[in-house]
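One structure is given below, encoded as structure tokens.
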Amino acid sequence: MALTGNLRINGDRLWDSLMDMAKIGPGLRGGNNRQTLTDEDAEGRRLFQSWCEKAGLTMGVDTMGNMFFHREGTDPDALPVYVGSHLDTQPTGGKYDGVLGVLGGLELIRTLNDLNIKTKHPIVVVNWTNEEGTRFAPAMLASGVFAGIHTQDWAYAREDAKGKTFGDELERIGWKGDENVGARKMHALFELHIEQGPILEIEGKDIGVVTHGQGLWWLQITLTGKDSHTGSTPMPMRRNAGLGMARITELVHTIAMAHQPSAVGAIGHCDVYPNSRNVIPGKVIFTVDFRSPDIKTLNAMKAELEEKAPKIAKELGLEIEIEEAGHFDPVTFDEGCVTAVRNAAERLGYSHRNMISGAGHDACWVNRVAPTAMVMCPCVGGLSHNEDEEISKEWAAAGADVLLHAVLETAVIET
Ligand code: HGY
Ligand code: MN
Ligand code: MN
């Protein structure tokens, strides 16, 4: 069968699957709270497994809980082409972040089955464990172990806010597989993902051809002062860790603004102790998130924070500890795979533009061990990591159509 523009996925079926998956781990405002290694994650995994097995795929699970669903190719010696993303969500996440890439991969398989299309290379759909890094830092943890960035022991020891470890929780939900993580070899990997930014929608483009991904530093800062009475402690005597966090929050913003337009910085996580209305915070723990597509900018922002934050702490009589809690350098995706994505958009008549991914993705790590590229579709108002995250059925279908064609160009149609 020739790869022509009228070969398309079933957009209604994809949308129905997205809506069915969204019923698992519902959020409070219409989005999702299906955090990694929770019972809700386990339920979503079981649903995905049932769909994949119904589509004739065979499952493999590795020791990080990464799920792989295999469709045979005509050449059993050919390395598979992988597609996929993640089913775990933020605590106030949307219905599409990650999920579109996993279910878009399943829809690709369903379409090949409908049309009885065979490919030379096998095709494997993957769900990566703990892409979000919200319950267990850092983000993209399991794909990071797969790519040899982190050791499995270090990953297993990661703790959530309640002191539960990744390894114990993976065991508890019954998704610790026996495959040796990282043993699988790939011909290529393609990840479909919503943009999570405003560019495609503003420019009226259907598809983002992702050439690069920006790099990231997560720095966890602990400030220690003295908890004391908010009423009776004279101002000059205070060692207010909360004030230190406020000043460092302002510093993070100032540093990022000084590197516009190619830098971002914010603090999204903070724990205040004892977090009582009439106690001056004696301790705060918070995480700085710096990103830039330019490695010099990224490292300059980190260096400036490491130089200036201790001075703020000293002025306020606070102790400070700065720990590296997550990092990856800016990513350049594989030229051949990126071209396959661009060819697909053109063949299908979808408007498109090159782009740099603002968010991190499992593809960023897999790119270290296999030729990798990403396909992006717009999202409403560029909003993500928010329960109001929204896309259109048409955008979802366009993204999955491009994924289908990029994969078929790479996996080679035999019949
Ligand atoms: O943080 C990120 O960029 C991704 O959403 N985990
Ligand atoms: Mn994601
Ligand atoms: Mn996300």
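The working numbering puts the first residue of the sequence shown at 325, with every later residue one more than the last.
Backbone N, C-alpha and C define an ideal beta-carbon position, used for all residues, glycine too.
Would you decide whether residue 556 is buried or exposed? Buried here means 16 or more other CB atoms lie within 10 Å of its CB.
Position 232 of the sequence shown, counting from 1, holds the residue named residue 556. Per the 10 Å Cβ criterion, exposed.
In chain order, which beta strand (DSSP E) runs of at least 3 residues are fully inside the stretch 457 to 515?
Those beta strand (DSSP E) runs which fall completely within the stretch 457 to 515 and span 3+ residues do not exist here.
Between residue 455 and residue 347, what straight-line distance do the alpha-carbon atoms span, to the nearest angstrom?
Residue mapping note: residue 455 aligns to position 131 of the sequence shown, counting from 1. Residue mapping note: residue 347 aligns to position 23 of the sequence shown, counting from 1. Distance between the alpha carbons of residue 455 and residue 347: 20 Å.
Taking 8 Å as the cut-off, is the CB of residue 301 close to at least one heavy atom of ligand 2?
Within the shown structure, residues of the chain are numbered from 325 to 739, placing residue 301 beyond reach of any answer.
For ligand 2, I want to know if residue 538 counts as a neighbour, meaning its beta carbon is within less than 8 Å of at least one of the ligand's heavy atoms.
Position 214 of the sequence shown, counting from 1, holds the residue named residue 538. Result no, Cβ not under 8 Å from ligand 2.
To the nearest angstrom, report how far apart residue 601 and residue 703 are at their CA atoms.
Against the sequence shown, residue 601 aligns to sequence position 277. Against the sequence shown, residue 703 aligns to sequence position 379. For residue 601 and residue 703, the distance between alpha carbons rounds to 39 Å.
Inter-residue spacing [alpha-carbon to alpha-carbon] between residue 596 and residue 696
Position 272 of the sequence shown holds residue 596. Position 372 of the sequence shown holds residue 696. Taking the straight line joining both Cα atoms gives about 40 Å.
Heavy atom of ligand 2 less than 8 Å from the Cβ of residue 409, yes or no?
Sequence index remark: in the sequence shown, residue 409 carries index 85 (1-based). With a cutoff of 8 Å, residue 409 counts as near ligand 2, since its C-beta is closer than that to a heavy atom of the ligand.
What distance in whole Å lies between the Cβ atoms of residue 664 and residue 734, which are believed to be in contact at a cut-off of 8 Å?
To locate residue 734, count along the sequence shown from 1; it is residue 410. To locate residue 664, count along the sequence shown from 1; it is residue 340. Rounded, the Cβ-Cβ distance is 5 Å, consistent with contact.
Please indicate yes or no: does the CB of residue 359 lie closer than 8 Å to some heavy atom of ligand 1?
The sequence position of residue 359 within the sequence shown is 35, counting from 1. No, ligand 1 has no heavy atom inside 8 Å of this Cβ.
Cβ of residue 412 within 9 Å of Cβ of residue 520?
Here residue 412 refers to the residue found at position 88 when the sequence shown is read from its first residue. Here residue 520 refers to the residue found at position 196 when the sequence shown is read from its first residue. In this structure, residue 520 does not lie closer than 9 Å to residue 412 by Cβ.
Classify residue 530: buried if its beta carbon has 16 or more other beta carbons within 10 angstroms, exposed otherwise.
The count along the sequence shown starts at 1 and reaches residue 530 at position 206. It is buried - the Cβ of residue 530 has at least 16 other Cβ atoms within 10 Å.
Taking all protein chains shown into account, decide if residue 581 is buried (16 or more other Cβ within 10 angstroms of its Cβ) or exposed.
The residue given as residue 581 occupies position 257 in the sequence shown. Burial call: exposed.
I need the straight-line Cα distance from residue 599 to residue 653, nearest angstrom please.
Residue mapping note: residue 599 aligns to position 275 of the sequence shown, counting from 1. Residue mapping note: residue 653 aligns to position 329 of the sequence shown, counting from 1. Taking C-alpha positions only, residue 599 is separated from residue 653 by approximately 35 Å.
In whole angstroms, give me the CA-to-CA distance for residue 417 and residue 378.
Your numbering for residue 417 matches position 93 in the sequence shown. Your numbering for residue 378 matches position 54 in the sequence shown. Rounded to whole angstroms, the separation of the alpha carbons of residue 378 and residue 417 is 28 Å.
So does residue 354 have its beta carbon nearer than 8 Å to some heavy atom of ligand 3?
As a first step, residue 354 is located in the sequence shown; it is residue number 30 there, counting from the start. The answer is no for residue 354.
Flag this pair as yes or no: are the beta carbons of residue 751 and residue 391 separated by less than 9 Å?
Shown here, the chain extends from 325 to 739; a query on residue 751 therefore has no answer.
Which residues does DSSP pair with residue 406 in a beta bridge?
For the purposes of this step, residue 406 is identified with residue 82 of the sequence shown, where counting begins at 1. DSSP lists 448, 513 as the beta-bridge partner residues of residue 406.
If residue 446 and residue 512 are in contact, beta carbons under 8 Å, what's the gap, nearest whole angstrom?
Residue 446 sits at position 122 when you count from the first residue of the sequence shown. Residue 512 sits at position 188 when you count from the first residue of the sequence shown. So it is not a contact: roughly 12 Å between Cβ atoms.
Distance, Cα to Cα, residue 740 vs residue 649?
In the structure as shown, the chain begins at 325 and stops at 739. Residue 740 is therefore absent and cannot be evaluated.
Say the cut is 8 Å; is the CB of residue 466 nearer than that to a heavy atom of ligand 2?
Within the sequence shown, the letter at position 142 stands for residue 466. False, no ligand heavy atom lies under 8 Å from that Cβ.
Under a Cβ-count criterion, where at least 16 other Cβ atoms within 10 Å of its own Cβ denotes burial, should residue 343 be classed as buried or exposed?
Locating residue 343 in the sequence shown gives position 19, counting from the first residue. Flag for residue 343 reads exposed.
Residue span of the alpha helix (DSSP H) that contains residue 424, given as start and end:
Start at 1 with the first residue of the sequence shown, and residue 424 comes out as number 100. Segment 423 to 438, the alpha helix (DSSP H) holding residue 424.
Contacting residues, own chain, Cβ-Cβ under 6 Å from residue 466 (five flanking each side not counted):
Within the sequence shown, the letter at position 142 stands for residue 466. Hits under 6 Å: 388, 390, 452, 453, 454.
Considering only residues of the same chain and omitting the five flanking positions on each side of residue 546, which have a CB-CB separation below 6 Å?
Position 222 of the sequence shown, counting from 1, holds the residue named residue 546. Only residues of its own chain outside the window of five on either side were considered, and among them 609, 645 have a CB closer than 6 Å to the CB of residue 546, listed in chain order.
Is residue 498 near ligand 3 - that is, is its Cβ less than 8 Å away from at least one heavy atom of it?
Sequence index remark: in the sequence shown, residue 498 carries index 174 (1-based). It does not: the Cβ of residue 498 is nowhere closer than 8 Å to a heavy atom of ligand 3.
Do residue 528 and ligand 3 come close, with the Cβ less than 8 Å from some heavy atom?
Counting from one through the sequence shown, the residue named residue 528 turns up at place 204. Flag unset: Cβ of residue 528 not near ligand 3.
Does any heavy atom of ligand 2 sit closer than 8 Å to the C-beta of residue 583?
Counted from its first residue, the sequence shown places residue 583 at position 259. No, ligand 2 has no heavy atom inside 8 Å of this Cβ.
For residue 553, which beta-bridge partners are listed by DSSP?
Here residue 553 is taken as the residue at index 229 of the sequence shown, counted from 1. Residue pairing by DSSP places residue 553 opposite 603 in a beta bridge.
Any Cβ of chain D within less than 9 Å of the Cβ of residue 585?
The chain labelled as chain D is not found in the depicted structure, where only one protein chain is given.
Please name the residue, chosen from 575, 641, 676, 548, that lies closest to residue 632 on a Cα-to-Cα basis.
Counted from its first residue, the sequence shown places residue 632 at position 308. Among 575, 641, 676, 548, the Cα nearest to that of residue 632 is on 575.
Proximal residues to residue 352 (C-beta, below 8 Å), its chain only, five neighbours per side dropped
Taking the first residue of the sequence shown as position 1, residue 352 is located at position 28. So the list reads 416, 711, once near-sequence residues are dropped.
Hey, residue 701 and residue 516: beta-carbon distance below 9 Å or not?
Position 377 of the sequence shown, counted from the first residue, corresponds to residue 701. Position 192 of the sequence shown, counted from the first residue, corresponds to residue 516. Contact flag set, yes.
Would you identify the three-state DSSP class for residue 592, choosing helix, strand or coil?
Position 268 of the sequence shown holds residue 592. Under the three-state reduction of DSSP, residue 592 is assigned to strand.
Report, in whole angstroms, the separation of the C-beta atoms of residue 357 and residue 349, which I expect to be a contact under 8 Å.
Taking the first residue of the sequence shown as 1, we reach residue 357 at position 33. Taking the first residue of the sequence shown as 1, we reach residue 349 at position 25. With 8 Å as the limit, residue 357 and residue 349 qualify as a contact, their Cβ atoms being about 5 Å apart.
When every heavy atom of ligand 2 is checked, does at least one fall within less than 8 Å of the C-beta of residue 683?
Sequence index remark: in the sequence shown, residue 683 carries index 359 (1-based). For ligand 2, at least one heavy atom lies less than 8 Å from the Cβ of residue 683.
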